[in-house]
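Asks: Counting the sequence shown from 1 gives a position; my numbering is that position plus 50. Even glycine gets a Cβ: it sits at the ideal position worked out from N, Cα and C. Quantities reported herein were computed from a predicted structural model and do not represent experimental measurements. Could you have a look at this structure, given as structure tokens, before my questions?
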Amino acid sequence: MKLRTLKIENFRGLSHVEFDFDKPLSVIVGPNAIGKTTVLEAIRLAKALLMPRYSQEGQQVLVSLGAAFPHPQLSNYLDFAAIARDAAEPVRVNLNVEISNDEMKYLESAKEQVALAMLRGQLALTLPSRL
Numbered sequence: 051m052k053l054r055t056l057k058i059e060n061f062r063g064l065s066h067v068e069f070d071f072d073k074p075l076s077v078i079v080g081p082n083a084i085g086k087t088t089v090l091e092a093i094r095l096a097k098a099l100l101m102p103r104y105s106q107e108g109q110q111v112l113v114s115l116g117a118a119f120p121h122p123q124l125s126n127y128l129d130f131a132a133i134a135r136d137a138a139e140p141v142r143v144n145l146n147v148e149i150s151n152d153e154m155k156y157l158e159s160a161k162e163q164v165a166l167a168m169l170r171g172q173l174a175l176t177l178p179s180r181l
């Protein structure tokens with residue numbers, strides 16, 4: 051799978067950035083504190099919330115970004131201002147990915163395992179952490 055385009059709006063210090071990853075190798079460069087790590091954090095957050103590999107991945111990413119607390123009594127608290135440049139506006143992270151023919155064939159042959167993994171990830175988002 052290849053990341054082809056990325057659009058980030060209102061995430062941390064970034065108001066609006068867009069990337070096209072149309073080369074075999076892409077490098078994000080710039081001076082310190084310009085937002086290179088923030089771009090990677092946006093990708094990480096989108097991935098963790100949409101397709102977690104384990105039950106607490108989304109929560110752990112939010113904690114690492116300072117938007118949530120690791121304490122069970124505060125597990126429903128979200129500090130939106132920690133991830134939004136402007137807390138009155140939505141945060142948007144749009145990813146477009148390309149899946150090769152070989153990857154598609156693999157997914158088709160393993161669709162039951164992929165569906166089960168997705169279900170487990172989604173159930174992990176809805177089950178209480180103290181089960």
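With distance defined between alpha-carbon atoms, name the residue in Asn126, Arg103, Met101 nearest to Val113.
Replies: Asn126
Asks: Is DSSP giving Met101 helix, strand or coil here?
Replies: The answer is coil: DSSP assigns Met101 none of H, G, I, E or B.
Asks: At 3 residues or longer, what runs of the beta strand (DSSP E) sit wholly inside the segment 138-164?
Replies: 142-148
Asks: May I ask you to report which of helix, strand or coil DSSP gives Leu173?
Replies: helix
Asks: Could you give the uninterrupted runs of the beta strand (DSSP E) lying entirely in the segment 53-129, keeping only those of 3 residues or more?
Replies: 64-70
Asks: Measure from the alpha carbon of Phe61 to the alpha carbon of each residue in Leu90, Lys161, Gly108, Arg135, then state which is nearest.
Replies: Arg135
Asks: Enumerate in chain order the residues of its own chain whose CB-to-CB distance from Glu59 is below 6 Å, with the five nearest sequence positions on each side excluded.
Replies: Result list for Glu59: His66, Arg142, in chain order.
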